[in-house]
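Chains D and U supply the protein sequences, listed in that same order.
Position 385 (the first sequence) corresponds to 385 in this note's numbering; numbering is contiguous.
Take the position in the second sequence, starting the count at 1, then add 518; the result is the number in this note's numbering.
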Amino acid sequence: MTQLQLDPAQIDRARDSARRIARQVFDEMSQFTTTTVERATLRLLGIDGVDENAIPLPNRVVSHLQERELLPYGAATILAGAMREQALSAQQVAEAVSQGTLTLSRPRDESAARQAAETQARAMCQRIATQRAQRAELVKNLGEGRTPWLYLIVATGNIHEDVVQARAAAEQGADIIAVIRSTGQSLLDYVPYGATTEGFGGTYATQENFRLMRAALDEVGAKVKRYIRLTNYCSGLCMPEIAAMGAMERLDMMLNDSMYGIIFRDINMKRTFIDQFFSRMVNAYAGIIINTGEDNYLTTADAYEAAHTVLASQLINEQFAALSGLKPEQMGLGHAFEINPELENGFLWELAHAQLVRQVFPDASLKYMPPTKHMTGNIFKGQVQDTLFNIVSTVTQQNIHLLGMMTEAIHTPFIQDRFLAIQNAKYVFGTMKDLHAEIEFKRGGKIEQRAQAVLAQTETMLAQIETMGLPSAIGKGLFAEISRTPTGGKGLDGVIQKATDYYNPFPHLMLPTGARHA
Amino acid sequence: MLDTQSPEQWVKPYGDTLGDGRVQLSFTLPVALDETSKEGAKRLAAMMGLEEPAVVHCEDMGQGFSFYVVYGQCKHQVDLASLSVVKPEFEVMEKDAINALIAEKMGRRMVVIGACIETDAHTVGIDAIMNMKGFNGHKGLESYHEIRAINLGAQVDSEDLVARAIEEKADVILVSQVVTQKNIHLDNLTKLSDLLEAEGLRDKVILVVGGPRISHELAKELGYDAGFGTKSYAEDVASFAIHEWINRKAA
């Protein structure tokens, strides 16, 4: 489709503001680590499993280090030192600590311990690189769906039931399966362990559940001759650990936003900024596409009035992502079709917003979310709303298309809700396949003017945020009309000031040379 | 007794002729599509009380599932005159009238504390009722100058909610429950009302629940003062609250 006329200099100015905003936060946060960053590091160094009370061993070891005031040095060297000195594996060290038979202390030979930690970390990087290569191989051999990729959610609470539904969805045409997490997992300060069959509104994210679903999707992918991507939630109080688990088990996408937890889960700001950096670094290295959560702003704020907050947030998310080494195609920047159906010309504004985002991020894997806020129990109208959403998605060439469910306002989807949603999207994407190349926007028309106005508002908003700093902007409720403070929210007690000789082997190994900072 | 009853009012679904009973339904069967499964779908519809059921559409969904759209004629009918429906009895007023009534009767601001309790992370409902902006052009409780509205947001423990209610001297506790999978909302709501009972607070606060699957009847069963489902707005909740407050004062 002929592009909207937008001022490239204006886009550059907005992006430069966002870069400085993200950089300032990053610099302020680099003096801290968190309990979950250290637990993720331990997981990546080979610690897994739980104690007799079902407490994960990474939590036990990190608590032990905290009690002994050793966490500021980083868990990696202390673990590696103990492995060397005691001739134990990482797992054996963790078991001994949890049984109370081993007390950890700083290594006798710091540089040898660092070297051992790095060797151990390299082995994990190799494992993750192998998974990444296998994904590339499978995509090459099997092929993959044409974009917009159809993204479907399963959420039964039982991983074995999820597997059945996911396989059915893939056979029906889904390209991406997302396993929704049990409600409340984002606020757990540990990751549950093993295969789980009890969850509410979703299924617990555990490494074993990841593995089970990965195996099922590989199998059905081979059958339908299409690589099926797996998505989970790298958010909440355990972002870095979920990233580590997903990297090991070859997840393909992760919901991973730099601000979502702060705004919508009242997780402490510092905690989130530190955790998102580490988790995104792991995701980047694992070749995972992150999905950001700007669509959520529009469930609390008005989709028309707050359109510029979505674009501003996407630009900030893009810059945070770049600091973690994510490439543009790994950035699934989120937005949504949430304008009130009663608003006259609402469809035009949806087109304007979606096309604007497409042009500002030409190489990103944009994630487009269906209507939710204005969905009702009238499923017949709901099917029409979803159809209009499907049209905007294909006409503006979005990449990741979360399928709208006509029963959105009623329940977690039934199997036939997904089936009908896939049929709808395939119909629209097929019958309108090349429409985008055949039509053009009227110069100076309503759609173009609307996109220009949103871009201008975005530039102004980012300039304001840059002046006050991102924490103050969030404090003023600039996103989603929800206000959060730097010292409020959950998880601040897990933020730890790094010692001057803090060490973690992974940034050095995982960040591309150009993006390496500390 | 008989002569005090209102005249009977029997109804059944209407397609295009009064009394035809025409209904549509759709469902999935956990078996692959074949002639037997189609017949099974038809029989099921008959057992649901549909005469002359017709499978107008069916499709195999893969992985051993099949989808059916069925039409039939409902043989049942219902006498509306014999039903009694529980609903909160109060007059819904405009925002200005509510503010005036609170000022007149209470002589201070009414304190309303709201939250999505326990595991529920969905604030859409509580935000629609409480936040300044409200929903669908109906301003939220924060915009009422005679109401002090405190929205605690998502995933608030019942204990924390009760503690905060005591601290703020809340007149009204407003909880939202959106997630109802495996009836978790019933557990959550019962927990809160038990806790209020245990703290001796139950009679001191007006306890209201809202959510898409919440009815007034269900709310009463769970020991709440009122329940609000979809299409409820801030003025509905506020009108109920002030009427309930006045009634209790008078009692």
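Built from N, CA and C at the ideal position, the CB exists for glycine as well.
Every value quoted in this text rests on a predicted model; they were computed, and no experiment measured them.
Asked: Which same chain residues, not among the five before or five after A615/U, have their C-beta less than 6 Å away from its C-beta?; Found: none
Asked: My parser needs the alpha helix (DSSP H) runs of 4 or more residues fully inside the region 527-582 of chain U; what are they?; Found: 553-565
Asked: Using a Cβ-Cβ cutoff of less than 7 Å, which residues in the same chain neighbour G539/U once the five nearest sequence positions on both sides are dropped?; Found: K530, P531, Q591, C592 and K593
Asked: So L255/D packs on I177/D, CB below 8 Å; how close in whole Å?; Found: About 13 Å; that fails the 8 Å criterion.
Asked: How many Å lie between H663/U and A756/U at the Cα?; Found: 12 Å
Asked: Which one or two residues does DSSP pair with G728/U in a beta bridge?; Found: S694/U and F746/U
Asked: For V697/U, go through chain D and note every residue whose CB falls closer than 8 Å to its CB, in chain order.; Found: T183, F200 and G201
Asked: Does any residue of chain U have a CB that is nearer than 8 Å to the CB of D266/D?; Found: yes
Asked: When Cβ atoms are compared, which residues of the region 167-195 of chain D fall closer than 7 Å to chain U?; Found: R167, A168, E171, Q172, T183, G184 and L187
Asked: CB-CB under 6 Å to G533/U, same chain, minus the five flanking residues each way: which ones, in chain order?; Found: R540
Asked: Answer yes or no: do G580/U and Q423/D have a C-beta to C-beta separation smaller than 8 Å?; Found: no
Asked: In terms of DSSP beta bridges, what is C634/U paired with?; Found: S694/U
Asked: Can you look up M375/D in the DSSP assignment and give me helix, strand or coil?; Found: coil
Asked: Distance check for L298/D and L343/D, CA to CA, integer angstroms please.; Found: 15 Å
Asked: Which residues of chain D have a Cβ atom closer than 7 Å to the Cβ of D638/U, listed in chain order?; Found: T183
Asked: Please go through the same chain and pick out, in chain order, the residues whose beta-carbon is closer than 8 Å to the beta-carbon of M519/U, but skip the five residues on each side of it.; Found: Confidence in M519/U is poor, its pLDDT being 45 and thus under 50, which makes the residue's placement too unreliable to answer from.
Asked: Give the straight-line distance between the Cα atoms of K556/U and L725/U, rounded to the nearest whole angstrom.; Found: 49 Å
Asked: Should R114/D go down as buried or exposed, given a rule of 16 or more other Cβ atoms within 10 Å for buried?; Found: buried
Asked: Might you give, ordered along the chain, the residues of its own chain that have their beta carbon closer than 8 Å to the beta carbon of A518/D, omitting 5 neighbours on each side?; Found: With a pLDDT of only 44 at A518/D, under 50, the local geometry of the prediction cannot be trusted, and the value read off the model is given with reservation. The residues are S30 and P507.
Asked: Would you be able to state if there are at least three C-beta pairs under 8 Å between the region 402-418 of chain D and the region 377-391 of chain D?; Found: yes
Asked: By the criterion of Cβ-Cβ separation under 8 Å, what are the contact partners of V154/D in chain U?; Found: Per Cβ cutoff of 8 Å: no residues; V154/D is ~12 Å from chain U at best.
Asked: Between which two residues does the beta strand (DSSP E) containing Y233/D stretch?; Found: R229 to Y233
Asked: Counting only the same chain and skipping the five closest in sequence on each side, list residues whose C-beta sits under 6 Å from that of A759/U.; Found: V690 and I724
Asked: Can you tell me which of the three DSSP states Y193/D falls into?; Found: coil
Asked: Which residue from L65/D, R68/D and L57/D puts its Cα closest to that of Q92/D?; Found: L57/D
Asked: Going by Cα to Cα distance, which pick from D597/U, I732/U and L736/U is closest to S524/U?; Found: D597/U
Asked: Who are the near neighbours of D51/D in its chain, counting only those whose CB is closer than 7 Å to its CB and skipping five residues on each side?; Found: L57, R60 and S98
Asked: Grouping DSSP H, G and I as helix and E and B as strand, with all else coil, what is D689/U?; Found: coil
Asked: For R450/D and F479/D, what's the separation of their Cα atoms in angstroms?; Found: 20 Å
Asked: Exposed or buried, what is W479/U when buried is set at 16 or more other beta-carbons lying within 10 Å of its beta-carbon?; Found: For residue 479/U there is no data in the structure shown, the boundaries of chain U being 519 and 769.
Asked: Should K700/U be flagged as near chain D, meaning a C-beta pair shorter than 8 Å?; Found: yes
Asked: Under DSSP, the beta strand (DSSP E) around H335/D begins and ends at which residues?; Found: G334 to A336
Asked: Quick check on Q595/U - is its C-beta less than 8 Å from some C-beta in chain D?; Found: no
Asked: Taking a cut of 7 Å between CB atoms, which residues from the region 210-233 of chain D lie near chain U?; Found: none
Asked: Give every residue of the same chain whose Cβ lies closer than 6 Å to the Cβ of M124/D, excluding the five residues on either side of it in the sequence, and list them in chain order.; Found: L44
Asked: Report yes or no: do the region 140-158 of chain D and the region 5-21 of chain D share at least 3 C-beta pairs separated by less than 8 Å?; Found: no
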